[in-house]
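Enquirer: Per this note's numbering, the sequence shown starts with residue 114, numbered consecutively.
One structure, pasted below without further comment.
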Amino acid sequence: MQKIVILTGAGISAESGLGTFRAEGGLWAQHKIEDVATPEGFARNPKLVVDFYNARRAQTAEADPNAGHLALAKLEAEFAGEVVLITQNVDDLHEKAGSQKVIYMHGALKGALCAACDTRWPAPMVMAPGDACPNCDRPTARPDIVWFGEMPYDMDEIFDHLAGADLFASIGTSGNVYPAAGFVAEARRCGADTVEFNLEPSLVGSQFDDIRIGPATETLPPWVDEILKS
Ligand code: BJW
Numbered sequence: 114m115q116k117i118v119i120l121t122g123a124g125i126s127a128e129s130g131l132g133t134f135r136a137e138g139g140l141w142a143q144h145k146i147e148d149v150a151t152p153e154g155f156a157r158n159p160k161l162v163v164d165f166y167n168a169r170r171a172q173t174a175e176a177d178p179n180a181g182h183l184a185l186a187k188l189e190a191e192f193a194g195e196v197v198l199i200t201q202n203v204d205d206l207h208e209k210a211g212s213q214k215v216i217y218m219h220g221a222l223k224g225a226l227c228a229a230c231d232t233r234w235p236a237p238m239v240m241a242p243g244d245a246c247p248n249c250d251r252p253t254a255r256p257d258i259v260w261f262g263e264m265p266y267d268m269d270e271i272f273d274h275l276a277g278a279d280l281f282a283s284i285g286t287s288g289n290v291y292p293a294a295g296f297v298a299e300a301r302r303c304g305a306d307t308v309e310f311n312l313e314p315s316l317v318g319s320q321f322d323d324i325r326i327g328p329a330t331e332t333l334p335p336w337v338d339e340i341l342k343s
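See below:
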């Protein structure tokens, strides 16, 4: 086996204290998706959206990576072949765990984006509606987050990686949101073995060759050891 492609979702950060989206009491129970995760919601009420991401940025700064994040960093460091880590998460816990290269397909809390000229720069801890872009000076700064209806980042690179994968692993994601939910089908089509890690089978769980049920902090460390020993 030469190449492992891994997709992570909110479930991997749940045991670090960060909320998932679709659980009872999760982020979408507290906020309407269309208010805080669409460009139209941002246009209607930028303060609500900026405050939502300011709060999550502050919470993320206090969070530590868990045994699941650490296991994936160990896999990247010690596997003889290539490990590609794609995350839908906007936190930085993979990086804090030591993962060197992470593809943030849904953007990152630590980033700001100019809605007018697409310049990206490091976000301050607290953004305000109407913050100026450092490039064009217009008051059009927004969190660098991919909202519904927007194109996720690095899709060409991701599909190239899926095409070359020997093993595709999906961790802590519900399979509700595309294009990420379609990666398992693409990886299978290109010949990869596939494995899902979750508390329960996801919406696309039936497409995986193997499903490991349980908290990521418990299922990932032994899986990584299995791979490193094989
Ligand atoms: C554990 C655990 C533990 C808990 N251990 N596991 C109709 C059909 C198909 C598609 C569409 C459609 N209508 C519209 C679309 C497209 C739309 C979409 O998918 N909508 C669906 C709702 C249907 N997608 C988009 O608009 C995307 N863009 C797009 O498609 O562009 C066009 C395109 C075309 C072709 C190719 C490429 C592009 C953009 C999507 C942007 C998503 N943004 C969000 C919010 C922003 C980020 C943020 O605020 O943080 O991203 S939505 C939200 O969902 C967030 C997440 O990244 C994403 C996925 O959530 P995730 O990670 O799966 O979390 P949960 O809570 O759902 O699940 C957690 C899981 O963990 C659960 O399964 C638990 O069991 C598990 N778990 N603890 C292991 N300890």
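For glycine and all other residues, C-beta sits at the position ideal for the given N, C-alpha and C.
Keep in mind that this is a model prediction, so the values were computed, not measured.
Taking only three categories from DSSP, how would you classify Ala233?
Expert: By one-based count along the sequence shown, residue 233 stands at place 120. Note on residue identity: the sequence assigns Arg, not Ala, to residue 233. If DSSP states are grouped into helix, strand and coil, Arg233 belongs with the strands.
Enquirer: Taking C-alpha atoms, which residue in Gly285, Arg157, Gly154, Pro292 lies nearest to Asp101?
Expert: Residue numbering for the chain in the displayed model covers 114 to 343; residue 101 lies beyond these limits and cannot be assessed.
Enquirer: Got a sec, what are the start and stop residues for the beta strand (DSSP E) Gly181 sits in?
Expert: As a first step, residue 181 is located in the sequence shown; it is residue number 68 there, counting from the start. Gly181 -> not in any beta strand (DSSP E); alpha helix (DSSP H) instead, spanning 180 to 191.
Enquirer: Return the bridge partner residues of Gly224 from the DSSP annotation.
Expert: By 1-based counting over the sequence shown, the position of residue 224 is 111. DSSP output for Gly224 lists Pro235 as bridge partner(s).
Enquirer: What do you reckon, is the C-beta of Leu131 under 7 angstroms from a heavy atom of the ligand BJW?
Expert: Start at 1 with the first residue of the sequence shown, and residue 131 comes out as number 18. Incorrect: Leu131 has no Cβ contact closer than 7 angstroms to the ligand BJW.
Enquirer: How about Ser129 and Leu206: do their beta carbons lie closer than 8 angstroms?
Expert: One-based indexing of the sequence shown puts residue 129 at position 16. One-based indexing of the sequence shown puts residue 206 at position 93. Going by C-beta atoms, Ser129 is nearer than 8 angstroms to Leu206.
Enquirer: With a CB to CB cut of under 6 angstroms and the five nearest residues on each side skipped, what residues in its chain are close to Ala210?
Expert: For the purposes of this step, residue 210 is taken as the residue at position 97 of the sequence shown. Only Pro178, His182, Leu183, Ala186 meet the Cβ criterion.
Enquirer: Since Tyr166 is in the alpha helix (DSSP H), which residue starts that stretch and which ends it?
Expert: Within the sequence shown, the letter at position 53 stands for residue 166. Taken as a continuous stretch (DSSP letters only), the alpha helix (DSSP H) holding Tyr166 covers 159 to 175.
Enquirer: Per DSSP, which residues does Arg255 bridge with? Please list them.
Expert: The count along the sequence shown starts at 1 and reaches residue 255 at position 142. DSSP output for Arg255 lists Leu226 as bridge partner(s).
Enquirer: Could you tell me which residues DSSP pairs with Val308 in its beta bridges?
Expert: Here residue 308 refers to the residue found at position 195 when the sequence shown is read from its first residue. Partner(s): Ala282, Asp323.
Enquirer: What residue does the beta strand (DSSP E) around Thr151 start on, and which one ends it?
Expert: Position 38 of the sequence shown, counting from 1, holds the residue named residue 151. Here Thr151 belongs to no beta strand (DSSP E), and DSSP marks it neither H nor E.
Enquirer: Going by DSSP in three states, Lys209 sits in which element: helix, strand or coil?
Expert: As a first step, residue 209 must be located in the sequence shown, where it is residue number 96. Three-state DSSP puts Lys209 in a helix.
Enquirer: Relative to the ligand BJW, is the shortest distance from any of its heavy atoms to the C-beta of Ala168 smaller than 7 angstroms?
Expert: Reading the sequence shown from its first residue, position 55 is the one you call residue 168. Every heavy atom of the ligand BJW is 7 angstroms or more from the Cβ of Ala168, so no.
Enquirer: Could you tell me if Ile258 is buried or exposed, where buried requires 16 or more neighbouring beta carbons within 10 angstroms of its beta carbon?
Expert: On the sequence shown, residue 258 is found 145 positions in, with the first residue counted as 1. Buried is the call here.
Enquirer: Output yes or no for whether 8 angstroms exceeds the beta carbon distance between Thr253 and Ala228.
Expert: As a first step, residue 253 is located in the sequence shown; it is residue number 140 there, counting from the start. As a first step, residue 228 is located in the sequence shown; it is residue number 115 there, counting from the start. Yes; because the gap between Cβ atoms is below 8 angstroms, this pair is in contact.
Enquirer: If distances are taken between C-alpha atoms only, which option among Gly327, Gly318, Glu309, Ala278 comes closest to Cys303?
Expert: Sequence index remark: in the sequence shown, residue 303 carries index 190 (1-based). That would be Ala278, whose Cα lies nearest to the Cα of Cys303.
Enquirer: Buried or exposed: where does Met218 fall if 16 or more other Cβ atoms within 10 Å of its Cβ makes it buried?
Expert: Within the sequence shown, numbered from 1, the residue matching residue 218 stands at position 105. Result: buried.
Enquirer: Hey, how far is the Cα of Trp260 from the Cα of Val297?
Expert: Position 147 of the sequence shown, counting from 1, holds the residue named residue 260. Position 184 of the sequence shown, counting from 1, holds the residue named residue 297. Roughly 22 angstroms separates the two Cα atoms.
Enquirer: Let's see if you can read the secondary structure: which residues bound the beta strand (DSSP E) around Leu198?
Expert: Within the sequence shown, residue 198 is the residue found at index 85, counting from 1. Note, Leu198: beta strand (DSSP E), 195 to 200.
Enquirer: Could you give the residue range of the alpha helix (DSSP H) that holds Lys342?
Expert: Position 229 of the sequence shown, counted from the first residue, corresponds to residue 342. It spans 329 to 342 - the alpha helix (DSSP H) in which Lys342 sits, taken as one unbroken run.
Enquirer: How close, in whole Å, do the beta carbons of Ala294 and Phe281 come, if the pair is a contact with beta carbons under 8 angstroms?
Expert: Position 181 of the sequence shown holds residue 294. Position 168 of the sequence shown holds residue 281. Their Cβ separation, rounded to whole angstroms, is 13 angstroms, which puts Ala294 and Phe281 out of contact at 8 angstroms.
Enquirer: Looking at Pro256 and Ala276, is the spacing between their C-beta atoms short of 8 angstroms?
Expert: As a first step, residue 276 is located in the sequence shown; it is residue number 163 there, counting from the start. As a first step, residue 256 is located in the sequence shown; it is residue number 143 there, counting from the start. The answer is no: Cβ separation not under 8 angstroms.
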